[in-house]
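So the structure is just underneath, and the comments pick up after that.
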Amino acid sequence: MFQAEEIERLVSQGLPCDFIQIQGDDGVHFTGIVVSAEFAGKPRVRQHQAVYATLGPLMGNEIHALQLTTYTPEQWAAFRKELGE
């Protein structure tokens, strides 16, 4: 079983992140928000692939599912502004 904090650590090691939050209670199914300038100009599928690449063979094995929401720092700032944060 995997811990959400370990996924956060692995993603942060492989991808410069302005913000990362991974959640999951059962050790195999997770959801997450990842904010990185590396996502600029990339379609959503490439952004997700960049995150999955940081986890390598863990994806589909120890980590059964990781549902992502990805943002550039500018998109994240706009989203947070909409929420009133």
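Going letter by letter, the sequence shown gives residues 4 to 88 in the working numbering. In this text, a Cβ means the ideal position worked out from N, Cα and C, and glycines have one as well. Nothing here was measured: the structure is a model prediction, and the numbers come from that model.
Bridge partners - residue i, DSSP secondary structure assignment
{"i": "Gly44", "result": "DSSP, once it has assigned bridges, lists no residue as partnering Gly44."}
{"i": "Ala68", "result": "His32"}
Residue i versus residue j: straight-line alpha-carbon distance, rounded
{"i": "Ile25", "j": "Asn64", "result": "17 Å"}
{"i": "Trp79", "j": "Arg49", "result": "17 Å"}
{"i": "Ile66", "j": "Gln52", "result": "15 Å"}
{"i": "Glu8", "j": "Pro76", "result": "21 Å"}
{"i": "Phe59", "j": "Glu85", "result": "One detail in the question is off: residue 59 reads as Gly in this sequence, not Phe. C-alpha separation (whole angstroms): 34 Å."}
{"i": "Ser15", "j": "Leu61", "result": "15 Å"}
{"i": "Asp21", "j": "Arg12", "result": "13 Å"}
{"i": "Phe82", "j": "Val38", "result": "11 Å"}
{"i": "Gly44", "j": "Leu71", "result": "18 Å"}
CA nearest to the CA of residue i, picked from the options
{"i": "Ile10", "options": "Gly44, Tyr55 and Phe42", "result": "Tyr55"}
{"i": "Tyr74", "options": "Arg47, Leu86 and Leu58", "result": "Arg47"}
{"i": "Thr34", "options": "Phe42, Ile23 and Ala40", "result": "Ile23"}
{"i": "Met31", "options": "Gly87, Leu69 and Arg83", "result": "Residue identity differs from the one stated: residue 31 is Val in this sequence, not Met. Ranking the options by Cα distance to Val31, first place goes to Leu69."}
Continuous alpha helix (DSSP H) stretch holding residue i: start and end
{"i": "Ile10", "result": "Ala7 to Gly17"}
{"i": "Glu77", "result": "Pro76 to Leu86"}
Residue range of the beta strand (DSSP E) that includes residue i
{"i": "Leu61", "result": "Taken as a continuous stretch (DSSP letters only), Leu61 belongs to no beta strand (DSSP E), as it is neither H nor E."}
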